[in-house]
Amino acid sequence: MATIPDYILPIGGLTLAPILIGTVLLGVGYFLYTVIYNLFFHPLRKYPGPRLWAISSIPYAITFVSGNAHRKVRELHEKYGETVRLGPDHLAFNGPQAWKEIMGHKKAGEQEIGKVPGFFQGGPELSVIQIEREGHAWQRRLLAHAFSAQALQAQEDLIKHYVDLLIQGIREKGDEGRIAQNAVRWFNYITFDIIGDLAFGESFGALEKGTNHPWVEMIFDLFKYGAFNWMFLRLPVPRSLGIKFIPKSLQEKLATTNALVEANLGKRMSLDLQRPDFVYYMTRKHREGFLSDKEVDSNARLFVVAGSETTATTLSGTTFFLGKNPDIKEKLLNEVRTAFESEDQININNAQSLRYLNAVLEETLRLFPAVPCGVPRMTPPEGATAFGEYIPGKTVMEIWHWPMFRNPKYFTQAEQFAPERWLGDPRYKGDRLDMVQAFSYGPRNCLGKNLAWAEMRLILARLVWNFDFELAKDSYDWMDKIQVYTIYDKPELNVHYVPRKFE
Ligand code: HEM
Numbered sequence: 080m081a082t083i084p085d086y087i088l089p090i091g092g093l094t095l096a097p098i099l100i101g102t103v104l105l106g107v108g109y110f111l112y113t114v115i116y117n118l119f120f121h122p123l124r125k126y127p128g129p130r131l132w133a134i135s136s137i138p139y140a141i142t143f144v145s146g147n148a149h150r151k152v153r154e155l156h157e158k159y160g161e162t163v164r165l166g167p168d169h170l171a172f173n174g175p176q177a178w179k180e181i182m183g184h185k186k187a188g189e190q191e192i193g194k195v196p197g198f199f200q201g202g203p204e205l206s207v208i209q210i211e212r213e214g215h216a217w218q219r220r221l222l223a224h225a226f227s228a229q230a231l232q233a234q235e236d237l238i239k240h241y242v243d244l245l246i247q248g249i250r251e252k253g254d255e256g257r258i259a260q261n262a263v264r265w266f267n268y269i270t271f272d273i274i275g276d277l278a279f280g281e282s283f284g285a286l287e288k289g290t291n292h293p294w295v296e297m298i299f300d301l302f303k304y305g306a307f308n309w310m311f312l313r314l315p316v317p318r319s320l321g322i323k324f325i326p327k328s329l330q331e332k333l334a335t336t337n338a339l340v341e342a343n344l345g346k347r348m349s350l351d352l353q354r355p356d357f358v359y360y361m362t363r364k365h366r367e368g369f370l371s372d373k374e375v376d377s378n379a380r381l382f383v384v385a386g387s388e389t390t391a392t393t394l395s396g397t398t399f400f401l402g403k404n405p406d407i408k409e410k411l412l413n414e415v416r417t418a419f420e421s422e423d424q425i426n427i428n429n430a431q432s433l434r435y436l437n438a439v440l441e442e443t444l445r446l447f448p449a450v451p452c453g454v455p456r457m458t459p460p461e462g463a464t465a466f467g468e469y470i471p472g473k474t475v476m477e478i479w480h481w482p483m484f485r486n487p488k489y490f491t492q493a494e495q496f497a498p499e500r501w502l503g504d505p506r507y508k509g510d511r512l513d514m515v516q517a518f519s520y521g522p523r524n525c526l527g528k529n530l531a532w533a534e535m536r537l538i539l540a541r542l543v544w545n546f547d548f549e550l551a552k553d554s555y556d557w558m559d560k561i562q563v564y565t566i567y568d569k570p571e572l573n574v575h576y577v578p579r580k581f582e
């Protein structure tokens, strides 16, 4: 006698088969409803973009962790135009009005297009980069003391000390330029040492030891962790489930970082030192109030992450572009070497007036922005008005720096490294330089912008004063090998630093 298959066995008076069929039909029905709704009825349906991306967030989420998202988003802008729908509830913008409309100041009472909760991670409290509008304004006012012109002046000797170590290290290790040295590593050493000293009262010792501190080694993994985190935030899965898929090794590194921060910061905070580091300014009582210990902790770790890799990346990019463009390098060498009579004259203040050097850095930030992806914003639940249109609530809005700053519609020879475009050269007169906002724009722009500029100018001017340099052959295609996981995964950039001969 034939046995009855399990799936039609009765459960509580019902057979399993109809339940299974019903569930499948419901799933298919829901799927079809979502597809039809997202394509034909969703308030964002009029915005162009790939159909698959309009249906589901999965293609965007996968692209974001592919390492190639910056190139892909650029391709989409080229194909679909200045506004592209990157997901059912997700738009990317690439035109001159975008900064003001999305990131600009809003009048009192007007809704800000705010941060996406969970995009930035870390810290026992919300740091300035995470917190919403009112809390942000208050924290930012307090933190601004640590980044004021006065603070920067007081920090100059500390920064200069590390530039001295960098020059000395490159000179010692280079064997008169015969040995190629990895510039990416050198720039990581110096920027982490500076920021470590400012954030925790002591450097990571990288320049002196000639090796990265384990925490520094971790930073890139942390960004990668951030990329996975954002991917899961975009997917229709519970956050707790998404986190389980993040590689265990990354989660362990995060835990190690937390322990390191607590130890280093705790040590610095226990010493009532009068030195002009961030801790000094953050723990003062100001007219506006004072930060709690947890807020100090969260912001100190933010500063290390935000203020090191970014400047190191820009300096690596500058070195690459100069290596590939010897005529531009010569002009820069000439400017720096004729502007001063001796090296000790070069300081933060007078490096500001080196016009060509500034243009070289600006052009690097255009073609190789330290933050290549978008830093997403989200409309409030009731929606917001931007570009004269109503944008529904909880829409993610982004400006991807990489495609925006290379938009061929707004830049002549957009792919060319041409510092002249920043110096009024008539060949570039139509360029929309105001579209290049590598430090972002509006009330949430970069708090460390002046510090970053000071560091980058001083380091570049001192390097150029001391060395001529050439790319090693294996680094000619450095830019093509780069991948992006929120920030760049940079391969070695090998450079021959040849000490300048003084007559
Ligand atoms: C080339 C160097 C740098 C670039 C291109 C850069 C870029 C950026 C960008 C694009 C943002 C906006 C993020 C957002 O929209 O949420 C930002 C924010 C921020 N950056 Fe930088 N950054 C650089 C260096 C630094 C340095 C040296 C520091 C020093 C600690 C720093 C500290 C910060 C802070 C605290 C914020 C958050 C500001 C706020 O939300 O009010 N950055 N940066």
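Read in order, the letters of the sequence shown are residues 80 to 582 in my numbering. Heads up, the beta-carbon is just placed ideally off N, CA and C, and yes, glycines get one too. Only a predicted model underlies this, so the values are computations on that prediction, with no experimental measurement involved.
Hey, residue i and residue j are a contact pair by Cβ (cut 8 Å); roughly how many whole angstroms apart?
i, j, result
"residue 403", "residue 203", "Wrong, their Cβ atoms sit about 44 Å apart, outside the cutoff."
"residue 169", "residue 475", "4 Å"
"residue 498", "residue 442", "5 Å"
"residue 248", "residue 289", "7 Å"
"residue 238", "residue 534", "6 Å"
"residue 126", "residue 162", "6 Å"
"residue 448", "residue 385", "The Cβ separation is near 14 Å, so there is no contact."
Mark residue i as exposed unless 16 or more other C-beta atoms lie within 10 angstroms of its C-beta, in which case mark it buried.
i, result
"residue 492", "exposed"
"residue 166", "buried"
"residue 97", "exposed"
"residue 225", "buried"
"residue 405", "exposed"
"residue 500", "buried"
"residue 328", "exposed"
"residue 112", "exposed"
"residue 307", "buried"
"residue 464", "exposed"
"residue 349", "exposed"
"residue 208", "buried"
"residue 227", "exposed"
"residue 116", "exposed"
"residue 319", "exposed"
"residue 236", "exposed"
"residue 424", "exposed"
So, at 8 Å on beta carbons, what are the nonlocal neighbours of residue i in its own chain, with the 5 sequence-adjacent residues on each side left out?
i, result
"residue 255", "577 and 578"
"residue 382", "274, 277, 278, 357 and 527"
"residue 103", "none"
"residue 561", "567, 568, 569 and 570"
"residue 267", "285, 291, 295, 387, 388 and 391"
"residue 231", "427, 529, 530 and 533"
Could you work out which residue in the options is closest to residue i when comparing CA atoms only?
i, options, result
"residue 141", "330, 574, 563 and 486", "563"
"residue 435", "347, 511, 418 and 447", "418"
"residue 212", "527, 522 and 568", "522"
"residue 221", "550, 396 and 358", "358"
"residue 294", "144, 95, 319 and 335", "335"
"residue 415", "398, 437 and 513", "437"
"residue 397", "548, 320 and 196", "548"
"residue 287", "534, 243 and 258", "243"
"residue 312", "196, 392, 238 and 266", "196"
"residue 389", "317, 531, 445 and 345", "531"
"residue 513", "177, 158 and 144", "177"
"residue 133", "145, 144, 146 and 119", "119"
"residue 485", "408, 444, 469 and 377", "444"
Using a Cβ-Cβ cut-off of 6 Å (strictly less than) and excluding sequence neighbours within five positions of residue i, which residues of its own chain qualify?
i, result
"residue 430", "536, 537 and 540"
"residue 426", "none"
"residue 275", "282 and 283"
"residue 387", "270, 271 and 274"
"residue 291", "285"
"residue 461", "472"
"residue 190", "459 and 463"
"residue 300", "329 and 332"
"residue 174", "161"
Counting only the same chain and skipping the five closest in sequence on each side, list residues whose C-beta sits under 7 Å from that of residue i.
i, result
"residue 519", "182, 454 and 525"
"residue 302", "564, 565 and 566"
"residue 305", "200 and 565"
"residue 148", "142, 452 and 563"
"residue 586", "The requested residue 586 does not occur in the structure, where the chain is confined to residues 80 to 582."
"residue 572", "261, 262, 263, 395, 398, 399, 554 and 557"
"residue 152", "171, 479 and 482"
Practice task
Could you name each continuous alpha helix (DSSP H) segment of 4 residues or more that falls completely within the segment 205-249, going from the start of the chain to the end?
Solution key: 212-222
Exercise for the section: Write down every uninterrupted run of the beta strand (DSSP E) in the segment 472-508 whose length is 3 residues or greater and which is fully enclosed by it, in chain order. Expected result: 475-477
Exercise for the section: Report the residue ranges of all alpha helix (DSSP H) runs contained in full by the segment 87-138; include only those spanning at least 4 residues, in chain order. Expected result: 95-115 and 130-134
Exercise for the section: Could you pull out every unbroken alpha helix (DSSP H) segment of at least 4 residues lying fully inside the segment 408-472, listed in chain order? Expected result: 427-430 and 434-446
Exercise for the section: Tell me the start and end of each unbroken alpha helix (DSSP H) in the segment 507-566 that is at least 4 residues and wholly inside, in chain order. Expected result: 528-545
Handout entry: Residue ranges of each beta strand (DSSP E) within the segment 305-382, 3 or longer
Key = none
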